[in-house]
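15 is the number of the first residue of the sequence shown in the numbering used here; add one for each residue after it. To start, the structure under review is shown below, and the notes come after it.
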Amino acid sequence: GYTVAFGAPERGLPEMLGLSPDDIRTAVADGRPVEPDPGFDLWLNTIPAQASEVVRTEEALFVTLGSLTLTE
């Protein structure tokens, strides 16, 4: 089974990754990858080219679960 956690750079994600929000903003601005906490097996950005500023949790849920069920 999977444990899936949802977060955003300004809400939830920094705490889950063991980082400060400033660390994430700086890395993104510099084009560097943000290294996840070693407690995570896999870190996915399931909506990498989102066109809107905000993705609602219920939208992210369906996109993420759909991505996890792909077999190829």
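We treat Cβ as the ideally placed atom computed from N, Cα and C, and that holds for glycine.
Taking the straight line between their C-alpha atoms, what separation do you get for residue i and residue j?
| i | j | result |
| --- | --- | --- |
| V68 | V18 | 19 Å |
| R70 | L79 | 14 Å |
| A74 | D55 | 19 Å |
| E29 | F20 | 11 Å |
| P35 | P47 | 14 Å |
| S81 | S66 | 19 Å |
| D72 | Q64 | Reading off the sequence shown, one finds Glu at residue 72, where the question assumed Asp. Going from the Cα of E72 to the Cα of Q64 covers about 15 Å. |
Decide if the region 55–64 is in contact with the region 33–46; the criterion is three or more beta carbon pairs, one per stretch, under 8 Å apart. Between the region 55–64 and the region 33–46, the count of Cβ pairs shorter than 8 Å is below three; the stretches do not touch.
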